[in-house]
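In the working numbering, the protein residues as written are 2 to 190. The beta carbon of each residue, even a glycine, is placed where N, CA and C say it ideally should be. Remember, predicted model here, so these are calculated numbers, not experimental data. For reference, the structure discussed in these notes is given below.
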Amino acid sequence: MNDKSNRPVDDENPQGTDEDADLFRRAVSDARPIRSESRAPLPPRSKPVARLRRRDERAVLRESLEADADTSNLQSGDSLRFNRPHIGRRTMRKLARGSFAVQAEIDLHGMTASEAEEALRQFIADAQLRGLRCVRVVHGKGLGSGARGPVLKRKVDAWLRRWQAVLAFVSTRQVDGGTGAVYVLLDRN
């Protein structure tokens, strides 16, 4: 049994014998590591791009630029007014005069802020889907809010500014609610 492939495997050393290990060591005894100074340079690593962070920063910047004055000191008799940069003065005058036909309205009286936000969000989305151009939002004057001031009025002002479907809004004429309601001009997408 001189043939190594036909040799029985040792039960204590199933991988081979010490003789096999010695044979391998002798075979590789003169092997040396390859040393090369001329290594191909690795391409430079590109810096990671924080896409979501950049998007968030742009959104914050856009919101801050679109916002008019701080509305935290908004009083019950103050008028609301907002328009996107591409909405002209003539359109704003027509909106303030009530020249656009009000095609739907929502009354937020008696709702909590979270209820009002959800109802208003759904109302605006539905109005836009139906292709409505002008709607009225009754938020109230906040006379029952005491020292806190008009809570819903302030919130409605902030929400409408953020939603891209809203092109402009302005407090209504006295006969339509005055400073307790707004006409809202919607994008017809």
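- Tell me, please, which residues DSSP counts as bridged to Arg82. Locating residue 82 in the sequence shown gives position 81, where the first residue counts as 1. BP columns for Arg82 point to Val171.
- Message: Rounded to whole angstroms, what is the Cα-Cα separation between Thr18 and Arg27?
- Response: Walking along the sequence shown from the start, residue 18 turns up at place 17. Walking along the sequence shown from the start, residue 27 turns up at place 26. Roughly 15 Å separates the two Cα atoms.
- Item | Spatial neighbours of Gly181 in its chain, beta-carbon cut-off 7 Å, leaving aside the 5 residues before and after | One-based indexing of the sequence shown puts residue 181 at position 180. Only Val139, His140, Gly141 and Lys142 meet the Cβ criterion.
- Have a look at the DSSP bridge pairing and note the partners of Arg137. In the sequence shown, residue 137 corresponds to position 136, counting from 1. Beta-bridge pairing links Arg137 to Glu106 and Tyr184.
- Top-ranked residue by Cα proximity to Ala105, from Arg59, Gly179, Leu130 and Arg91: In the sequence shown, residue 105 corresponds to position 104, counting from 1. The shortest C-alpha separation from Ala105 is found at Leu130.
- Do Arg137 and the ligand MN come close, with the Cβ less than 7 Å from some heavy atom? As far as ligands go, the structure on display features none, and thus does not contain the ligand MN.
- Task: For Ile125, name the three-state secondary structure that DSSP assigns.
- Result: Position 124 of the sequence shown, counting from 1, holds the residue named residue 125. The answer is helix: DSSP assigns Ile125 an H, G or I state.
- For Lys95, collect the residues of the same chain with a Cβ closer than 8 Å to its Cβ; drop the 5 residues on either side in sequence, then sort them by chain order. Stepping through the sequence shown from its first residue, residue 95 is reached at position 94. Cβ within range, chain order: Phe101.
- Task: Starting from the C-beta of Leu133, find all residues in its chain whose C-beta is less than 7 Å away, skip the five residues before and the five after it, and write them out in chain order.
- Result: Numbered from its first residue, the sequence shown carries residue 133 at position 132. So the qualifying residues of the chain are Gln104, Ala105 and Leu187.
- Item | Opening and closing residue of the alpha helix (DSSP H) in which Thr92 lies | In the sequence shown, counting from the first residue as 1, residue 92 sits at position 91. Start and end: Arg90 to Arg98.
- Query: When burial is assigned at 16 or more other CB atoms within 10 Å of the CB, is Ser39 buried or exposed?
  - Reply: Working through the sequence shown from its first residue, we reach residue 39 at position 38. Exposed: under 16 other Cβ atoms inside 10 Å.
- How many angstroms separate the CA atom of Lys156 from the CA atom of Pro45? One-based indexing of the sequence shown puts residue 156 at position 155. One-based indexing of the sequence shown puts residue 45 at position 44. Their backbone Cα atoms lie some 50 Å apart in a straight line.
- DSSP state of Gly179 mapped onto helix, strand, coil: Walking along the sequence shown from the start, residue 179 turns up at place 178. Here Gly179 sits in helix by DSSP.
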